[in-house]
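Novice:
There are 10 protein chains.
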Amino acid sequence: MKDLITAAEMLTKEDVTSLILLAKKRKKLTWDAIAQGIGLSPVFTHSACMGMNAMPADKAAALVAFLDLPAEAQDVLEEYPTKIWEQAVPTDPCIYRLYEIVGVYGPTMKALIQEEFGNGIMSAIDFDMVISRVPSPKGDRVKVEMSGKFLAYANW
Amino acid sequence: MKDLITAAEMLTKEDVTSLILLAKKRKKLTWDAIAQGIGLSPVFTHSACMGMNAMPADKAAALVAFLDLPAEAQDVLEEYPTKIWEQAVPTDPCIYRLYEIVGVYGPTMKALIQEEFGNGIMSAIDFDMVISRVPSPKGDRVKVEMSGKFLAYANW
Amino acid sequence: MKDLITAAEMLTKEDVTSLILLAKKRKKLTWDAIAQGIGLSPVFTHSACMGMNAMPADKAAALVAFLDLPAEAQDVLEEYPTKIWEQAVPTDPCIYRLYEIVGVYGPTMKALIQEEFGNGIMSAIDFDMVISRVPSPKGDRVKVEMSGKFLAYANW
Amino acid sequence: MKDLITAAEMLTKEDVTSLILLAKKRKKLTWDAIAQGIGLSPVFTHSACMGMNAMPADKAAALVAFLDLPAEAQDVLEEYPTKIWEQAVPTDPCIYRLYEIVGVYGPTMKALIQEEFGNGIMSAIDFDMVISRVPSPKGDRVKVEMSGKFLAYANW
Amino acid sequence: MKDLITAAEMLTKEDVTSLILLAKKRKKLTWDAIAQGIGLSPVFTHSACMGMNAMPADKAAALVAFLDLPAEAQDVLEEYPTKIWEQAVPTDPCIYRLYEIVGVYGPTMKALIQEEFGNGIMSAIDFDMVISRVPSPKGDRVKVEMSGKFLAYANW
Amino acid sequence: MKDLITAAEMLTKEDVTSLILLAKKRKKLTWDAIAQGIGLSPVFTHSACMGMNAMPADKAAALVAFLDLPAEAQDVLEEYPTKIWEQAVPTDPCIYRLYEIVGVYGPTMKALIQEEFGNGIMSAIDFDMVISRVPSPKGDRVKVEMSGKFLAYANW
Amino acid sequence: MKDLITAAEMLTKEDVTSLILLAKKRKKLTWDAIAQGIGLSPVFTHSACMGMNAMPADKAAALVAFLDLPAEAQDVLEEYPTKIWEQAVPTDPCIYRLYEIVGVYGPTMKALIQEEFGNGIMSAIDFDMVISRVPSPKGDRVKVEMSGKFLAYANW
Amino acid sequence: MKDLITAAEMLTKEDVTSLILLAKKRKKLTWDAIAQGIGLSPVFTHSACMGMNAMPADKAAALVAFLDLPAEAQDVLEEYPTKIWEQAVPTDPCIYRLYEIVGVYGPTMKALIQEEFGNGIMSAIDFDMVISRVPSPKGDRVKVEMSGKFLAYANW
Amino acid sequence: MKDLITAAEMLTKEDVTSLILLAKKRKKLTWDAIAQGIGLSPVFTHSACMGMNAMPADKAAALVAFLDLPAEAQDVLEEYPTKIWEQAVPTDPCIYRLYEIVGVYGPTMKALIQEEFGNGIMSAIDFDMVISRVPSPKGDRVKVEMSGKFLAYANW
Amino acid sequence: MKDLITAAEMLTKEDVTSLILLAKKRKKLTWDAIAQGIGLSPVFTHSACMGMNAMPADKAAALVAFLDLPAEAQDVLEEYPTKIWEQAVPTDPCIYRLYEIVGVYGPTMKALIQEEFGNGIMSAIDFDMVISRVPSPKGDRVKVEMSGKFLAYANW
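Protein chains in written order, with the working numbering: chain Z, 4 to 159; chain W, 4 to 159; chain V, 4 to 159; chain L, 4 to 159; chain U, 4 to 159; chain E, 4 to 159; chain R, 4 to 159; chain B, 4 to 159; chain S, 4 to 159; chain H, 4 to 159.
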């Protein structure tokens, strides 16, 4: 079947992720630098480069130019991804701690959001996130700021 | 066996949670008001009232006084909890969205934390969180701010 | 502990569901009739009576009056529920068929929604549903109409 | 073993799906346009192209012509598929919301179907679905209309 | 809450199952005899007595009379059940063997049904079953005869 | 390593299944015709061709001749298979309905088998099955007849 | 409901197990002694006392007499059990080691059984087991001897 | 990377298993014959050939000679394996029956071992097994004899 | 049934654990003090008090005396427990970290144990553990020392 | 895609692990010797070679030199790994025993750590481990010494 399809047409999101990681390594760039280079936040840039979000057309074009990716990568970066994660409970310690926070504080977050806003949820779609460093004499701290639109449950 | 133990000695964390919820309802208090009443943050206050964290002795005493709980509740609030959650994948939509954020953005958070700090994790133990409302013309937003101490992996 | 709490204060959502089912049986009412009696749709009415949604205050009051429930039930009907289902794969055939539809047609629904609206989802929060009968010579058909607000993924 | 089988004989449903996606991209077609081109609904067309349903012979032939697929693809499109999905709980947010609707409203749908029709189910086999856009000043809505034959439980 | 509901109103399907098992034991009846006594098949009779199927009103009345059950049991027997089984893989050897048959022969049954009838399924709703003994010199055999309506997949 | 083993020696059960399916397609045969051609039942023939049962030597030879398979396939058809299925709960609707029948009627089948035969099981090893069509004015029905030797539990 | 059933009629297998364990403790008996007292093997005796096997009528009567159980216990001991275990992977170390043996040596046992007997299985129904001590200078050994009837796969 | 490693250096336990199975087939040997040829038991020989146990150096050398395996296979046979099984509940009927025996009789085996030896377990490490045929007029039986060193729990 | 058994005879391991926890609280004792009081290590003492290990008779008697437990508790403390844990992946952060260590370092521990000792395992039965505090200027450290007998795999 | 990336750029952690294992075999080195050769502990060295930890730059360079690895391996050894393990319950006996220790003693370790240090955990990040042999007349013992920084829960 492979003779019916050209290599460029066969580029998957995984392939583009590999090409990006390689270009990043060759050019000795950080995610922060790439994000600045194309005018998006580091969180969204990394997530889209990993294939977990779709880039708007202009940003996809900017990334292709910034990293010297093959032209066909632009289309792939714009494709709407199917988001799949394979470990219901993640094992990597850095990610597990986040999962643990949801396990321990999830009911608390629900209670306080709903006390403030009424019955509803924080959207994970109309959503953004920033990660930064907070210096501290006892050891620097990771700061994670999330913001999502409040969505109220309909009644009908 | 029950004749060997008095009712007050048998108070569990679940019992104290029920007593707190009832007092909160009778007194028409919010979590925010309770938290202010005892001088802790709303997130930590709610979590400790749910039995997922232990209160320091002075705060436990303050809560017992503030809510007119039975005196025996203080000891229970100070006990170190065993943190258990039963749904590896939470079903409540408000909590699921948080789980989904970890699934979608977990690898991104790991990459950016480690780019900034080196190989390590954000602690979920030396950790705090604030939840607030951000007004927005398109619909107000929930803001979640987490901060945890960065812990570097040892090598030895 | 039970002597510290009155029976009415202890009413849970499960209790109220039982009281509603009993009143419905005693009064020989259908869900349709109850829904009309309080001015909500049958789907939302049933769901809130099962404890999977919260009723607005006026509707909760109307239901208590319509079904002669104890006055304390109103508060419980207004409480924001924690939505839990215990079977990741439901076994009841009527519910399993719905799960199967999501399994078979989920990727198709995603593709067509995103072709029409762009990258995003149909909200399950700002959402409504109507179920009706469609007569057919080969056997009447169940019609399910769902509508949910389209939510576009943010980029930032 | 591969020398015993010609490439065309080895075409799988996955291969035909890839060929369709490529042709769709090259010809810049939407699913809606493909569906109109062969006289089937968009939902069924997409589902059969994904290998989750079998096309009738005339429609399979029409699709092969419409998209300039290799002739051997027709047979594959007509094959009765084995429907497999690998995630009991889907992770993609667009599909998860549908799963969540079944979790939250499944028991309600069962109750209302059975109140109207008697003991039985909505068929997921003698079944159809339409997805459309409903304009709304607060943001357009996705409309999903499903219809399935009611099947009554036998007693014997 | 219990003072609001009479004992008879609280009868569940589990309670009625217990009452039937007890009456069967006291009267030294077989399932076959009970089935004959009310004019239904043994399979359907047992299944409805276990709470996995609903009895038609006349049969429910007949069973109440035949076994001297309390009158309130009739309503419960007529209720449409929610069918739940808790072990995805059954452990009892007699039931596991049936599960194993589906595991080993399921794909074969699908292939032969679809070869004979076209693309579709055997209904588990419009369905009946008979179990009987077949004498054999090498040891008697259990015979299971199932019949279900063929349902063809729609295309639309 | 592959240079140490000839292609024919490397034929697996999966390979032979592929060769059979291809020969069946090229010769436009049904499973029924193949079964008649070698003097076995359709259920057993299909199952052995899928690699879930082992063929007796004469039948394996007959199949190789009937379908013009490579001679080395005979050995593979005679090999005792390891029976593996990967989905504890099958997703294909045609197979799921069979699983559902075991879930709903498994305890009933156990009760009636043990009422008739005493404590024991229906063997899934000394077992056979026939599938046929039963014409019916309301729509033809699938008939499944299974028979298995009764095995009594030992006591010792 | 409880007023409709006498205490003796309500005895479950779990109750009888408790009564047996208590009698064994009061009389300071071993399982070996109980088994000898009623003329069955220790393995079968223990298993039936735990409710995992049914006793023949004479042995049930003997056990009731030997342990001074209430007369109603005899019926319960004769009932055919539904065998349920709740941990797919057992955690108790003594039982886990047996599970591990099946994991490590299961394919080997299958290969050697089928090399000796042909395609088939060792029955777990027509089955017996003896456990004994084998003195050894390096530490005594547990000996487990199992024997089960070989059952050959049918072909038809 | 493959150019850095020679084929012989890349031999895995899976490769050696394939080579052994092929040699066994070409030489028309049984596991019993192979075991005799190298002076080990059939159970251990098969298990080590499947990669689930490590052979002592002299036995590995004997096997390489006996089966004319490539010399590099000896090292691989001596490697300490990581024992992995992928199905927590095995599906093959011959292996499942063994799993079922652990499920049904596991607690009994624990009780009788601990009655005889005190608190402890039968080792699955210092362990051996023999499988043999026991002729019987009602059908020959499989005999499985296991022996493992008793290990007493420490207290400290 | 309860009238057939005295309360003292019904004491379970869970009951004794509750009595111990209560006595510990009333007497304001630490586990360390209890362990010293009866001459066992703190790890073993706590584990046996939780019902996960059996105490030798003299230590059980000493504990009953030391904590003024009812005399019947001694027998219960001597009973051989069935060790059950319900969360395959523990959620409590303090216990999860231990699980994580096994996940991350398990293969390393296996490799180094087997490099030093040959093919075999560290026993979890003939096993002991000590937990202590190690002062450190950067924050005190928890020290866990485990020792288990090496067990070599048999070959036979 | 592969023509866009050089082989050396494509080296993964798995590849480097293979190269290390091969070099270790060719040079007949132990993990202990490798660890000494680069001045790290055996536990950390093995873990980093398996890809479960990242090496500091100087140690990665030392390992490349010590084992004559390709220069590109250094970068890979320094990469921060994503730690994944696929078996929630490990099956290999040597690793399972460690899992079992966490299951049996986890709650005890938590209790004693928190009795000594207050509410908190032992870090698995700021953590080290040594494995050694302890001679013993009854059979040598494996000693595992772990030490992790104590982390106290924040309250805020």
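Note that beta-carbon positions come from the ideal geometry of N, C-alpha and C, so glycine has one too.
1. Quick check: the stretch 10-26 of chain U against the stretch 69-85 of chain L, are there 3 or more CB pairs under 8 Å?
2. Assuming the contact rule is C-beta atoms closer than 8 Å, E/I128 and B/P96 should be a hit. Round their C-beta distance to whole Å, please.
3. Locate the beta strand (DSSP E) running through V/I134, then write down its first and last residues.
4. Locate the beta strand (DSSP E) running through E/L150, then write down its first and last residues.
5. Just to confirm, are U/W159 and L/D131 a CB contact at a threshold of 8 Å?
6. Pair every Cβ in the stretch 39-52 of chain H with every Cβ in the stretch 107-114 of chain W, then say whether three or more of these pairs are closer than 8 Å.
7. DSSP on U/L32, reduced to helix/strand/coil?
8. What's the call for W/A38, buried or exposed, on a 16-neighbour Cβ count within 10 Å?
9. So which of R/S135, R/A155, R/L70, R/I41 has the shortest CA-CA distance to B/K152?
10. Mind listing the chain W neighbours of Z/A127? Cutoff is C-beta to C-beta under 7 Å, in chain order.
11. For B/L72, which residues from the same chain have a beta carbon less than 8 Å from its beta carbon, with the 5 sequence-adjacent residues on both sides left out?
12. Can you check which of these residues, W/M55, W/A157, W/M58, is closest to W/G121 by C-alpha distance?
13. Between which two residues does the alpha helix (DSSP H) holding S/D95 run?
14. Run through chain E and tell me which residues come within less than 7 Å of B/D95, C-beta to C-beta.
15. Can you find the residues in the same chain that come closer than 7 Å, C-beta to C-beta, to S/V133, ignoring five residues on each side of it along the sequence?
16. Cutting at 7 Å between CB atoms, please list the residues of its own chain near Z/G40, excluding the five before and the five after it.
17. Does the beta carbon of B/V145 come closer than 8 Å to any beta carbon on chain U?
18. Since U/V145 and E/V105 should fall inside the 8 Å C-beta cutoff, what is the C-beta to C-beta distance between them, to a whole number of angstroms?
19. Give the single residue among V/E118, V/A60, V/I98 whose Cα lies nearest to the Cα of V/D78.
20. Kindly say whether U/E148, judged by its beta-carbon, lies nearer than 8 Å to any beta-carbon of chain V.
21. Whole angstroms is fine: what's the gap from Z/V137's alpha carbon to V/Y102's?
22. Using C-beta distances below 7 Å, list every residue in its chain close to R/I124, excluding the 5 sequence neighbours before and after it, in chain order.
23. Compare the C-beta of L/E81 with all C-beta atoms of chain E and state if any pair is closer than 8 Å.
24. Take B/M58 and list the residues in its own chain whose beta-carbon comes closer than 7 Å to its own, dropping the five residues that flank it on each side.
25. From E/S150, E/P140, E/S126, E/E118, pick the residue whose C-alpha is nearest to that of U/L32; which is it?
26. Specify the secondary structure class of L/A68 as computed by DSSP and reduced to three states.
27. I need the straight-line Cα distance from U/R100 to V/D143, nearest angstrom please.
28. Assign S/G54 to buried or exposed, taking buried as 16 or more other Cβ atoms, counted over all protein chains shown, within 10 Å of its Cβ.
29. Taking any Cβ of chain W, which residues in the stretch 44-58 of chain H have a Cβ under 9 Å from it, in chain order?
30. Below 6 Å CB to CB, which residues in the same chain sit around W/A64 once its five sequence neighbours on both sides are set aside?
31. List, in order along the chain, the chain H residues whose C-beta lies closer than 9 Å to that of W/Y156?
32. At what residues does the alpha helix (DSSP H) containing S/L80 begin and finish?
33. Would you say U/V137 faces chain B, with C-beta separation under 8 Å as the test?
34. Under 8 Å, Cβ to Cβ, is there at least one residue of chain W near V/E12?
35. Quick one: using the 10 Å Cβ neighbour count with 16 as the cut-off for buried, is Z/P93 buried or exposed?
Specialist: On the basis of the data shown:
1. no
2. By one-based count along the sixth sequence, residue 128 of chain E stands at place 125. By one-based count along the eighth sequence, residue 96 of chain B stands at place 93. That pair is a contact at about 6 Å.
3. Translated into positions along the third sequence, residue 134 of chain V becomes position 131. Taken as a continuous stretch (DSSP letters only), the beta strand (DSSP E) holding V/I134 covers 123-137.
4. On the sixth sequence, position 147 is the one that residue 150 of chain E refers to. In the sequence as displayed, the identity of residue 150 of chain E is Ser instead of Leu. Residues 144-155.
5. Position 156 of the fifth sequence holds residue 159 of chain U. Position 128 of the fourth sequence holds residue 131 of chain L. In this structure, L/D131 lies closer than 8 Å to U/W159 by Cβ.
6. no
7. Translated into positions along the fifth sequence, residue 32 of chain U becomes position 29. DSSP places U/L32 in coil when its eight states are reduced to three.
8. Taking the first residue of the second sequence as 1, we reach residue 38 of chain W at position 35. That one is buried.
9. Within the eighth sequence, the letter at position 149 stands for residue 152 of chain B. Nearest option by C-alpha distance: R/S135.
10. As a position in the first sequence, residue 127 of chain Z is number 124, starting the count at 1. Under the 7 Å cutoff, chain W gives R100, E103, I104.
11. To locate residue 72 of chain B, count along the eighth sequence from 1; it is residue 69. Around B/L72: V19, L22, I23, A26, L66.
12. As a working mapping, residue 121 of chain W is identified with position 118 in the second sequence. The candidate whose alpha carbon is nearest that of W/G121 is W/A157.
13. Here the question's residue 95 of chain S lines up with position 92 in the ninth sequence. Unbroken run through S/D95: none, as it is neither H nor E.
14. Indexing the eighth sequence from 1 puts residue 95 of chain B at position 92. In chain order: T85, K86, I87.
15. Along the ninth sequence, one-based indexing puts residue 133 of chain S at 130. Here the set comprises S44, V46, E148.
16. Residue numbering aside, residue 40 of chain Z sits at position 37 when the first sequence is read from its first letter. Cβ neighbours of Z/G40 beyond the five flanking positions: F69.
17. What you label residue 145 of chain B is simply residue 142 of the eighth sequence in a count that begins at 1. It does not: the Cβ of B/V145 has no partner Cβ on chain U nearer than 8 Å.
18. Along the fifth sequence, read from residue 1 onward, the residue named residue 145 of chain U stands at position 142. Along the sixth sequence, read from residue 1 onward, the residue named residue 105 of chain E stands at position 102. About 15 Å separates the two Cβ atoms, so there is no contact after all.
19. As a first step, residue 78 of chain V must be located in the third sequence, where it is residue number 75. It is V/A60.
20. Along the fifth sequence, one-based indexing puts residue 148 of chain U at 145. U/E148 does not count as touching chain V.
21. Residue numbering aside, residue 137 of chain Z sits at position 134 when the first sequence is read from its first letter. Residue numbering aside, residue 102 of chain V sits at position 99 when the third sequence is read from its first letter. In a straight line, the C-alpha of Z/V137 is about 46 Å away from that of V/Y102.
22. For the purposes of this step, residue 124 of chain R is identified with residue 121 of the seventh sequence, where counting begins at 1. The answer, listed in chain order, is L154.
23. Locating residue 81 of chain L in the fourth sequence gives position 78, counting from the first residue. Closer than 8 Å: no.
24. As a first step, residue 58 of chain B must be located in the eighth sequence, where it is residue number 55. The residues are A51, L66, L80, E81.
25. Locating residue 32 of chain U in the fifth sequence gives position 29, where the first residue counts as 1. Considering only alpha carbons, the answer is E/E118.
26. Translated into positions along the fourth sequence, residue 68 of chain L becomes position 65. Note: L/A68 maps to helix in three-state DSSP.
27. Indexing the fifth sequence from 1 puts residue 100 of chain U at position 97. Indexing the third sequence from 1 puts residue 143 of chain V at position 140. Their Cα atoms are separated by approximately 38 Å.
28. Taking the ninth sequence and counting its residues from 1, one reaches residue 54 of chain S at position 51. Buried: at least 16 other Cβ atoms inside 10 Å.
29. S44, V46, F47, A51, N56, A57, M58
30. Taking the second sequence and counting its residues from 1, one reaches residue 64 of chain W at position 61. Answer for W/A64: Q77, listed in chain order.
31. For this step, residue 156 of chain W is matched to residue 153 along the second sequence. Within chain H, the residues near W/Y156 are N56, A57, Y83, I128, D129, F130.
32. Taking the first residue of the ninth sequence as 1, we reach residue 80 of chain S at position 77. It spans 76-81 - the alpha helix (DSSP H) in which S/L80 sits, taken as one unbroken run.
33. As a working mapping, residue 137 of chain U is identified with position 134 in the fifth sequence. Judged by the 8 Å Cβ criterion, U/V137 is not in contact with chain B.
34. Residue mapping note: residue 12 of chain V aligns to position 9 of the third sequence, counting from 1. Interface residue, yes.
35. Counted from its first residue, the first sequence places residue 93 of chain Z at position 90. It counts as buried.
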